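Undergrad: For the sequence shown, UniProt numbering assigns the number 1 to the initial residue and increments by one for each residue that follows.
Each residue gets a CB set at the ideal place from its N, CA and C atoms; glycine is no exception.
Note that this is a predicted model, so its numbers are computed, not measured.
Here you go, one structure.
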Amino acid sequence: MDGPPAEDVEPASEPSSGRLSGSRPAFAPTLLRELEAAEAERVAKEREEEARRKLAEEAERAAKEREEEARRKLAAREARAARLRKADLGARLRQIAPYLGGALIAAAAIAALASGGGAPPEPEFQLGVTQPPASAPATNEPAPTDTTAAPEAPGPAAPAPETAAPAGPDAPAGPAATDTPVEPPPDEEARKALTDAARARKWIKAADALNALAERDPTALRDRALAIAARNLAIAISKTGGELADKVFDALASRFGTAGLDVLYEIVETRGRSTPANRAAKLLRDPQIAARGTPAVRIAFELRDATCGEKLPFLERAVSEGDQRTLVVLETAVRPCYTKNRAIDEAIKKLRARLDDG
1 MDGPPAEDVE PASEPSSGRL SGSRPAFAPT LLRELEAAEA ERVAKEREEE ARRKLAEEAE
61 RAAKEREEEA RRKLAAREAR AARLRKADLG ARLRQIAPYL GGALIAAAAI AALASGGGAP
121 PEPEFQLGVT QPPASAPATN EPAPTDTTAA PEAPGPAAPA PETAAPAGPD APAGPAATDT
181 PVEPPPDEEA RKALTDAARA RKWIKAADAL NALAERDPTA LRDRALAIAA RNLAIAISKT
241 GGELADKVFD ALASRFGTAG LDVLYEIVET RGRSTPANRA AKLLRDPQIA ARGTPAVRIA
301 FELRDATCGE KLPFLERAVS EGDQRTLVVL ETAVRPCYTK NRAIDEAIKK LRARLDDG
């Protein structure tokens with residue numbers, strides 16, 4: 001007997017948890033982004049805090065170095081003042097010594113004459129005038145008195161050196177004059193500080209070192225390596241401006257002699273119309289500052305700074321006062337102003353010949 005037909009039963013559908021088990025929840029990307037943003041913010045804050053800390057440490061270190069430098073300067077000034085006082089005292093003693101010697105000799109001669117020439121100078125100051133000649137034999141005394149009178153006769157002539165020693169009042173000026181022009185010894189510590197700081201591009205330290213050199217070693221920029229370091233410092237620090245840049249350019253213009261103006265001219269020569277070049281040119285246009293420079297740097301700058309129509313009157317000075325820098329200006333800034341000019345060609349020829357000969 002056939003049973004009821006079997007019904008086709010469809011298998012129950014499986015839950016879809018299998019498909020979702022490997023996927024991320026819908027909120028995962030948002031949470032990830034928030035975590036990443038929080039991490040980035042934390043890193044940025046740490047970097048900012050680190051930068052602030054380093055800046056504070058640098059400022060504190062610079063302040064301590066300035067304070068230490070001020071103490072060193074004070075100690076150096078006190079030592080220098082003590083040396084000057086000692087030297088001045090010695091000079092005055094040396095100046096007065098001839099007068100004292102002459103006065104003593106003159107007093108001895110007068111006393112000897114007053115005593116009749118019978119006693120040596122020292123006893124005459126201590127004993128009476130009449131007793132020693134009476135007690136001394138006449139035959140023995142003349143010999144010593146003559147020998148003492150012989151050296152004492154030139155004694156009055158001793159004022160001759162003193163009369164020649166009106167230079168004596170000038171003698172103090174002698175040591176003082178020799179003290180002022182005498183160049184101080186190189187300050188190796190400050191020189192190294194400038195070159196090291198410029199090489200490391202630590203311009204604040206370099207500026208402090210330059211100012212220290214201006215005070216203690218004003219001839220330092222004659223050294224080519226130090227001149228290059230000062231030039232690079234001025235170029236870098238002029239971009240920031242401010243009091244520090246003012247001090248650097250003021251030092252170059254007024255505290256390093258002709259070498260400082262050579263550095264300013266090199267900035268003009270090599271930096272075109274940039275901010276540091278314009279600032280250096282403005283200083284070199286000042287007649288009082290320019291007067292401190294050499295004739296060679298003055299004519300080179302004036303020839304470069306003049307317009308084309310104003311350059312020709314400088315040719316004679318260029319030939320007589322110029323150096324290699326002026327020759328460069330003639331060839332690169334003067335000759336292009338005139339297509340054909342015999343005076344310019346002749347000036348270049350004469351200057352080159354003078355430089356080759358000398």
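Evaluate D286 with the Cβ neighbour count: other Cβ atoms within 10 Å of its Cβ, from every protein chain shown; 16 or more gives buried, anything less gives exposed.
TA: Here residue 286 refers to the residue found at position 286 of the sequence shown. Looking at its Cβ environment, which holds fewer than 16 other Cβ atoms inside 10 Å, D286 is exposed.
Undergrad: Over what stretch of residues does the alpha helix (DSSP H) that includes Y265 continue unbroken?
TA: Position 265 of the sequence shown, counted from the start, is the residue given in the question as residue 265. 257-270 is the span of the alpha helix (DSSP H), which, as asked, contains Y265.
Undergrad: So what does DSSP say about residue 381, is it helix, strand or coil?
TA: Given a span of 1 to 358 for the chain in the structure shown, any question on residue 381 remains unanswerable.
Undergrad: Cutting at 7 Å between CB atoms, please list the residues of its own chain near E302, excluding the five before and the five after it.
TA: Along the sequence shown, one-based indexing puts residue 302 at 302. Contacts found: F314.
Undergrad: Between the C-alpha atoms of A230 and R33, what's the straight-line distance to the nearest angstrom?
TA: Residue 230 sits at position 230 when you count from the first residue of the sequence shown. Residue 33 sits at position 33 when you count from the first residue of the sequence shown. Rounded to the nearest angstrom, the two C-alpha atoms are 51 Å apart.
Undergrad: What's the gap between the Cα of A62 and the Cα of A291?
TA: Locating residue 62 in the sequence shown gives position 62, counting from the first residue. Locating residue 291 in the sequence shown gives position 291, counting from the first residue. For A62 and A291, the distance between alpha carbons rounds to 35 Å.
Undergrad: Give the range of the alpha helix (DSSP H) segment to which D196 is assigned.
TA: Within the sequence shown, numbered from 1, the residue matching residue 196 stands at position 196. From DSSP, the alpha helix (DSSP H) with D196 extends over 188-199.
Undergrad: Going straight from the alpha carbon of D305 to that of K192, what length do you get?
TA: In the sequence shown, the residue the question calls residue 305 occupies position 305. In the sequence shown, the residue the question calls residue 192 occupies position 192. Answer to the nearest angstrom: the Cα atoms are 35 Å apart.
Undergrad: Apply the 10 Å Cβ neighbour rule to L221 and answer buried if 16 or more other Cβ atoms are within range, or exposed otherwise.
TA: Here residue 221 refers to the residue found at position 221 when the sequence shown is read from its first residue. By the 10 Å Cβ count, L221 comes out buried.
Undergrad: Identify every run of the alpha helix (DSSP H) within the segment 276-329, keeping only runs that are complete inside it and at least 4 residues long; order them along the chain.
TA: 287-290, 295-305, 315-321, 324-329
Undergrad: Would you check if there are 3 or more beta carbon pairs closer than 8 Å linking the segment 208-219 to the segment 250-257?
TA: yes
Undergrad: Residues in its own chain within less than 8 Å of Q324 by CB, not counting five upstream and five downstream?
TA: Reading the sequence shown from its first residue, position 324 is the one you call residue 324. Answer for Q324: L355, listed in chain order.
Undergrad: Using beta-carbon positions only, say whether A259 and A227 come within less than 8 Å of one another.
TA: On the sequence shown, residue 259 is found 259 positions in, with the first residue counted as 1. On the sequence shown, residue 227 is found 227 positions in, with the first residue counted as 1. Closer than 8 Å, so yes.
Undergrad: Starting from L244, follow the alpha helix (DSSP H) in both directions and report where the run begins and ends.
TA: Counted from its first residue, the sequence shown places residue 244 at position 244. 242-254 is the extent of the alpha helix (DSSP H) around L244.
Undergrad: Just tell me which of T307, A225, E321 has its CA closest to the CA of T294.
TA: Position 294 of the sequence shown, counted from the start, is the residue given in the question as residue 294. Of the candidates T307, A225, E321, the one whose C-alpha sits nearest the C-alpha of T294 is E321.
Undergrad: Relative to the alpha-carbon of V329, which residue among A343, T339, I348, R342 has its alpha-carbon at the smallest distance?
TA: Here residue 329 refers to the residue found at position 329 of the sequence shown. The option with the nearest alpha carbon to V329 is I348.
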